[in-house]
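To start, the structure itself, in structure tokens.
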Amino acid sequence: MKAVVTEIRQSRSGVIVKTEDGSIYRAAYVMVSVSIGVLQTNLINFHPDLPQWKILAIYQFDMAVYTKIFIKFPYKFWPTGNGTEFFLYAHEKRGYYTVWQQLERTYPGSNALLVTVTDDESRRIEQQPDSDTKKEIVEVLRNMFGKNIPEPTHILVPRWWSNRFYKGAFSNWPIGVSRFEYDQMRAPVGRVYFTGEHTSQQYNGYVHGAYLAGIDSAKIMIRCIKNKDCKYHAMPKGT
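Residue numbering for the sequence shown follows the working numbering, starting at 25 and increasing by one per position.
See the structure below:
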């Protein structure tokens, strides 16, 4: 099913899920696996509203933006071989196309570079045309390798922050957030359960964190359904 969920309505008897195309689905329980970034938007409306403790937990976390920009050239003009996979660019503006990687070891003959930007620079770049980003990148490369480098043939600029289904690349636990907030983030609300990499205490921010969190949350739901043990135990604050 490819449908955008816009509303989750629960009662003592079950859950009703409404989608953007007008479809309605009914279930006894629901698992919500969207990112923290999506939970912080109004894409999905919960009825009744999520309790205050859940909302506070959601907004205690941040979504980091980590952008890997791929750019391809007709031929390579950068050094290759041992010790040349990564190189750095120093600019007066923090994070301005700083970390570079040439991909010849991984993809021989690709003539491609990867440059990583994060957070403020990611958001800035996502809001401008790819053509402007390409011009900025070429200027940086010409500062490093000379004015005679070729024009790129292709560029790929992911837009994790702008995409309403992600609103960032992965969750970030700010200073002061502890196991207590993690437990509240993972805790079910009635018949609505939550999972995702942001609910993985050990591996938040990683794909395997999302995978393991899905298993953990499913076990919590199954325990409630099969054994009627629906209590969720949260660690006290400060432990």
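All C-beta atoms, glycine included, are put in the ideal place defined by N, C-alpha and C.
In the DSSP secondary-structure assignment, Gly38 is bridged to Ser35. Here the alpha carbons of Asn196 and Arg147 stand approximately 16 Å from one another.
Within the same chain, and ignoring the five residues on either side of Ala193 in sequence, the residues whose Cβ sits closer than 7 Å to its Cβ are Ala88, Val89, Tyr90 and Trp184. For Asp144, the enclosing alpha helix (DSSP H) starts and ends at Asp143 to Glu150. Judged by DSSP in its simplified three-state form, Phe97 adopts coil rather than helix or strand. The alpha-carbon of Ile173 is positioned some 10 Å away from that of Pro98. For Lys252, the secondary structure class from DSSP, reduced to helix, strand or coil, is coil. Under the three-state reduction of DSSP, Ser155 is assigned to helix.
Contact between the region 104-118 and the region 47-62 is absent, with fewer than three C-beta pairs closer than 8 Å.
Using a 10 angstroms sphere on the CB of His222, the tally of other CB atoms reaches 16 or more, which defines it as buried. Using a Cβ distance threshold of 8 Å, Leu137 and Lys92 do not count as a contacting pair. Rounded to whole angstroms, Ile246 and Asp144 show a C-alpha spacing of 41 Å. Take the alpha-carbon of Lys42 and the one of Glu31: they are about 5 Å apart. Rounded to the nearest angstrom, the gap between the Cα atoms of Glu175 and Gly61 is 36 Å. Using a C-beta cut-off of 8 Å, the region 58-77 makes no contact with the region 112-131, since fewer than three inter-stretch Cβ pairs fall below that distance. Note: Tyr49 is bridge-paired with Val41 in the DSSP secondary-structure output.
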